[in-house]
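S.K.:
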Amino acid sequence: MLYWKLSQLGDFIPYEALIRDLQSTWNGHGRLLIALFILSLLLTAYGVAIVQNMIRYASFVVRKQEDTIVIARGWLERKAVSVPVARVQGIVIHENWLRRLFGYASVSLIHAGGRLDGGGAGDVVLCPLVEKRRVASIMQACLPEYDLGVSFSPLPKRAKRRYMLRPLVWLVIPAILAAYIERPWGAAVLVVLPLGAWIGIRRFQIAGWSLSSKQLALRSGWFRQTTTYILKRHVQSLETSATWWQKRKRLATISVAVMPLGTRVRVVDVDEADAATIYRWLQGDGKNQT
Numbered sequence: 017m018l019y020w021k022l023s024q025l026g027d028f029i030p031y032e033a034l035i036r037d038l039q040s041t042w043n044g045h046g047r048l049l050i051a052l053f054i055l056s057l058l059l060t061a062y063g064v065a066i067v068q069n070m071i072r073y074a075s076f077v078v079r080k081q082e083d084t085i086v087i088a089r090g091w092l093e094r095k096a097v098s099v100p101v102a103r104v105q106g107i108v109i110h111e112n113w114l115r116r117l118f119g120y121a122s123v124s125l126i127h128a129g130g131r132l133d134g135g136g137a138g139d140v141v142l143c144p145l146v147e148k149r150r151v152a153s154i155m156q157a158c159l160p161e162y163d164l165g166v167s168f169s170p171l172p173k174r175a176k177r178r179y180m181l182r183p184l185v186w187l188v189i190p191a192i193l194a195a196y197i198e199r200p201w202g203a204a205v206l207v208v209l210p211l212g213a214w215i216g217i218r219r220f221q222i223a224g225w226s227l228s229s230k231q232l233a234l235r236s237g238w239f240r241q242t243t244t245y246i247l248k249r250h251v252q253s254l255e256t257s258a259t260w261w262q263k264r265k266r267l268a269t270i271s272v273a274v275m276p277l278g279t280r281v282r283v284v285d286v287d288e289a290d291a292a293t294i295y296r297w298l299q300g301d302g303k304n305q306t
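Sequence positions in the sequence shown follow my numbering and run 17 to 306.
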């Protein structure tokens, strides 16, 4: 009896019209729904990562004991790591766009040795989140040999166009295709082109280098700005290279390798004369700069 009533009810429900409406909605907004779904997944993953780091680095403490830096952290499980000062090969300051917006950064140490705290060899988090203005004083207390108060030499102005165009190489074709396939509304995607050029300009403004008698510092990036400080005696190798396009503009790329595992840091489109100065500095034949 119930089955018969349900079958009779089906005669009054316009299934075909409902299916057509669903198909029409999907054809009109399907790609938008997929994009929103992917965006929500990315935001969720980002939020989960933030919560994991908050738990992992809760109650973070750093202290200096003679020639050892002791790092203690953790909420659910308390852990402590000891890093001999003699094994520190460099200091790395990370500033992603969100931290930089609020004046914060994270500090890591390039470590020559085995795995510490279950992580990969070569990287130890010293301060997961710290005010940028306090970084220099903290490092002065932990590693006084390093000078984080140096001023950076900017890249030459003739490198600006290269930085501006570099992101566009990867954006132009996808943006044009998206604008054509999804016309007319797809034309809004073309806004990524001036945005990419602006990001390139910001990367140009941030990139730089600093040289003193015993220390080299390199800075690059924008979305995740990285500043690396390396003592001269810890430089494993230093390379300067130039493509045909760079040679035309009298530019070069500096690439520095430090222990362990030949960890490399580089800055692209430095003035070729400055690159030569840095190379001579490592050979012990260049003028010291600050």
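Glycine included, C-beta positions come from ideal geometry on N, C-alpha and C.
Please read all numbers here as calculations on a predicted model, not as lab measurements.
Determine the closest residue to L247 out of D163, V78, V141, F118, with distance taken between C-alpha atoms.
M.R.: Closest by alpha carbon: D163.
S.K.: Could you tell me the alpha carbon to alpha carbon distance between N112 and R235, rounded to whole angstroms?
M.R.: If I take the Cα positions, the gap works out to 13 Å.
S.K.: If we call anything under 8 Å between Cβ atoms a contact, is D290 one with S169?
M.R.: Cβ atoms of D290 and S169: closer than 8 Å.
S.K.: How long is the line joining the alpha carbons of L55 and L187, rounded to whole angstroms?
M.R.: Taking the straight line from one Cα to the other gives about 19 Å.
S.K.: Suppose only complete runs of 3+ residues qualify. What are the beta strand (DSSP E) ranges in the region 260-296, listed by chain order?
M.R.: 267-274, 279-287, all fully within the region 260-296.
S.K.: Closest to A258 by C-alpha separation, out of A102, V141, V208, R282, would be which residue?
M.R.: Nearest option by C-alpha distance: R282.
S.K.: For W238, does the three-state DSSP call read helix, strand or coil?
M.R.: Coil.
S.K.: Based on the DSSP output, what are the partners of K95 in its beta bridges?
M.R.: DSSP, once it has assigned bridges, lists R89 as partnering K95.
S.K.: Could you please give the first and the last residue of the uninterrupted beta strand (DSSP E) stretch that includes G119?
M.R.: Element bounds for G119: n/a, residue is neither H nor E.
S.K.: Looking at the secondary structure, which residues open and close the beta strand (DSSP E) in which K176 lies?
M.R.: That residue, K176, is in no beta strand (DSSP E); its alpha helix (DSSP H) goes 176-197.
S.K.: In chain order, what residues of the same chain lie with their CB nearer than 8 Å to the CB of A191, ignoring the 5 residues before and after it?
M.R.: Closer than 8 Å at the Cβ level, and outside the excluded window around A191, lie V205, L206, V208, L209.
S.K.: Can you name, in chain order, every residue of its own chain whose Cβ lies under 7 Å from the Cβ of G135, other than the five neighbours on each side?
M.R.: Model confidence at G135 stands at a pLDDT of 47, short of 50, so the residue's coordinates are unreliable; what they give is reported in the following sentence. Cβ neighbours of G135 beyond the five flanking positions: none.
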